Structures are given as structure tokens and as C-alpha cells.
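**Student:** Protein chains in written order, with the numbering used here: chain A, 1 to 106; chain B, 1 to 106. For every residue, glycine included, the Cβ atom is placed at its ideal position computed from N, Cα and C. Bear in mind the structure is a predicted one, so any value in this text is a computation, not a measurement. Here it is, the structure in full.
There are 2 protein chains.
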Amino acid sequence: MRALADPTRRSILRLVHDDERTAGEIAASFTMSRPAISQHLRVLTDADLVTVRSEGTRRWYRARPERVEELRDWLTDFWTAGLDELKRAAEQEEWPDRARRRQEPT
Amino acid sequence: MRALADPTRRSILRLVHDDERTAGEIAASFTMSRPAISQHLRVLTDADLVTVRSEGTRRWYRARPERVEELRDWLTDFWTAGLDELKRAAEQEEWPDRARRRQEPT
DNA sequence: CGAATGCGTAAGCAGAGACTTACACATCTG
DNA sequence: CAGATGTGTAAGTCTCTGCTTACGCATTCG
Numbered sequence: 001m002r003a004l005a006d007p008t009r010r011s012i013l014r015l016v017h018d019d020e021r022t023a024g025e026i027a028a029s030f031t032m033s034r035p036a037i038s039q040h041l042r043v044l045t046d047a048d049l050v051t052v053r054s055e056g057t058r059r060w061y062r063a064r065p066e067r068v069e070e071l072r073d074w075l076t077d078f079w080t081a082g083l084d085e086l087k088r089a090a091e092q093e094e095w096p097d098r099a100r101r102r103q104e105p106t
Numbered sequence: 001m002r003a004l005a006d007p008t009r010r011s012i013l014r015l016v017h018d019d020e021r022t023a024g025e026i027a028a029s030f031t032m033s034r035p036a037i038s039q040h041l042r043v044l045t046d047a048d049l050v051t052v053r054s055e056g057t058r059r060w061y062r063a064r065p066e067r068v069e070e071l072r073d074w075l076t077d078f079w080t081a082g083l084d085e086l087k088r089a090a091e092q093e094e095w096p097d098r099a100r101r102r103q104e105p106t
């Protein structure tokens, strides 16, 4: 989710949507420095939104469409299905008990 | 999009999904300070994800479901429909012309 | 009125995030 | 092997974000 929050990363994702591309090719599409793109690519791969394939010195990147769809489905679920359970969970916060857990619900 | 990137804001959104709630009620659901929630509510209202209604000294918040669905639709479009145009636009970056605009594509 | 309630805003701070330049490393190529 | 090529990593900077405390401003209520 956070990976998609950045516009540059969204652009990158679209670039490698149907064509495999090398890091250099991708970087050439932007004005910013190559390392910056490399870091964005790292975020995207960590989020499993793209896959990498090494070929010689080059690294080919490709999007993983199923992951984006996963995210869209999650967004749907977030909003409709299972809402009641989630809401109840959120409301539990209203009566804090001693076992206070880190604030990182879905 | 950025508004949904924060987990606290997502929780708030769910809280006011089907019930109108006051700022105080919402704040009581979290461990963090009330002003912090107030700021999150501001982000959400700025993003038109919730509406506010003043009643006396209280402020009632409610989610705008259509906006979330809008976002989900956007995500779908982002990934499927209109992809070619968007991709072409992104690739234009490859040949930067003098009129360089701020890096903020979709 | 004046105090109390319910909120938002201001200001400050610590940490995260998106860049940069400089560098390291692997792989091809002569 | 040595240089060139393609790429990731390190380290530093600047800005944004999410919090906090302190305060200000309406509204209600005694």
C-alpha cells in the first residue's frame, strides 16, 4: 500500500506492466538519478509488486499483476466484506486494557 | 491515495463507515492524543473521504463510501483500462524537452 | 455573565522518506 | 587480465509526516 503511495513508483509499475525492462531503461525514463530509481525498484520488489531476473550484468524487472489485483481486492474487502469484524476490533480500542498493543491495525 | 496510506486513518474511516461519530468519540478509540486524531480527520476531510457536520460544540464525522469506491475504481483503471495511454505518457519522460515539469504524474 | 465542554490550530520535534553524489561489485569484452 | 558497462549500496541532506504539548475559540450551562 505504501509502495503505491509514491507517484514515481506507480509510473515505474506501469512501465514494466507488460514489458520486461532493465533498471537502466527504467531509469532513463525519469529525470532523477539512477540510484534513486534503483531504490524505488527495491521498494517495489520488497512489496512483491515486481520480480527481478538477472541476465549477465543486466537486471530485468517485470510487474506482478496479480499483486496489484490483490491490493484492489483488499481495498474492496477493507470497505465492504468483513467490515463489521474490523470495526469491532477498532472499537475495542475504546476500552483500553492493560495489554496495550502497538498501533498498527490493517 | 496518500490519505489511505496511514493505518490510523484507515481505522478512523472504518469507524465512521456506517455510524456518524463525534471527534471525541473517535479520538477515544485510540491511544494517541486528541489533536493527533483531529489532524488525521483534517486529512480525511481534505481528501473528501469523510464529511463533517457541526452540531452545537460537537462535530460529527461520517465516511463517504462513494469516494472509497472511486479510489478502488481508479486503482482498477490504473492497472487495466487506459494503461497504454498512461504508459506512453510515462515513456515520454525518456526524451526530456525543455519544458520540464514537476515530477507528479498520476 | 463566567466556567466548563468539545474541538481545532500553532509550534516544535523526532523519525521516515525521497533524493543526491561517491563508491563498490559483478559481468562481459578486448 | 584490464577496462568498460550495468547496477546496487552507503552516506549525507532536505523535506514531509505524524506525533506531542500548549493554547485559542465557540458553544452550552450554571
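Quick check: the segment 5-22 of chain A against the segment 60-80 of chain A, are at least 3 beta-carbon pairs closer than 8 angstroms?
**Tutor:** With a cut-off of 8 angstroms on Cβ pairs, the segment 60-80 of chain A is in contact with the segment 5-22 of chain A, counting three or more such pairs.
**Student:** Helix, strand or coil for THR22/B, going by three-state DSSP, please let me know.
**Tutor:** Within the second sequence, the letter at position 22 stands for residue 22/B. Residue state, collapsed to three classes: strand.
**Student:** So is the beta-carbon of ASP19/A under 8 angstroms away from any non-hydrogen atom of the ligand NAP?
**Tutor:** The ligand NAP is not among the ligands present in this structure, which contains no ligands whatsoever.
**Student:** With which residues is ARG58/B paired in a DSSP beta bridge?
**Tutor:** Within the second sequence, residue 58/B is the residue found at index 58, counting from 1. DSSP, once it has assigned bridges, lists GLU55/B as partnering ARG58/B.
**Student:** Going along chain A, which residues have a C-beta under 8 angstroms from ARG2/B?
**Tutor:** Locating residue 2/B in the second sequence gives position 2, counting from the first residue. By Cβ distance, chain A contributes ALA5.
**Student:** Thinking C-alpha only, which one of VAL50/A, GLN39/A and ASP6/A is nearest ARG21/A?
**Tutor:** Against the first sequence, residue 21/A aligns to sequence position 21. Nearest of VAL50/A, GLN39/A and ASP6/A to ARG21/A, Cα basis: VAL50/A.
**Student:** Please report the residue range of the alpha helix (DSSP H) in which HIS17/A lies.
**Tutor:** Here residue 17/A corresponds to residue number 17 of the first sequence, with the count starting at 1. Unbroken run through HIS17/A: none, as it is neither H nor E.
**Student:** Distance, Cα to Cα, GLU70/A vs GLY56/B?
**Tutor:** Counting from one through the first sequence, the residue named residue 70/A turns up at place 70. Counting from one through the second sequence, the residue named residue 56/B turns up at place 56. Computed Cα separation, rounded: 43 angstroms.
**Student:** Could you please give the first and the last residue of the uninterrupted alpha helix (DSSP H) stretch that includes THR72/A?
**Tutor:** Along the first sequence, one-based indexing puts residue 72/A at 72. In the sequence under discussion, the amino acid at residue 72/A is Arg, which differs from the Thr named in the question. Start and end: 65-79.
**Student:** How many Å lie between THR31/B and ASP77/A at the Cα?
**Tutor:** Taking the second sequence and counting its residues from 1, one reaches residue 31/B at position 31. Taking the first sequence and counting its residues from 1, one reaches residue 77/A at position 77. The straight-line gap from Cα to Cα measures roughly 25 angstroms.
**Student:** Looking only at its own chain, which residues have a Cβ that is under 8 angstroms from the Cβ of ALA23/A, when we skip the five neighbours before and after it?
**Tutor:** Residue mapping note: residue 23/A aligns to position 23 of the first sequence, counting from 1. Result list for ALA23/A: ARG34, ILE37, SER38, LEU41, ARG58, ARG59 and TYR61, in chain order.
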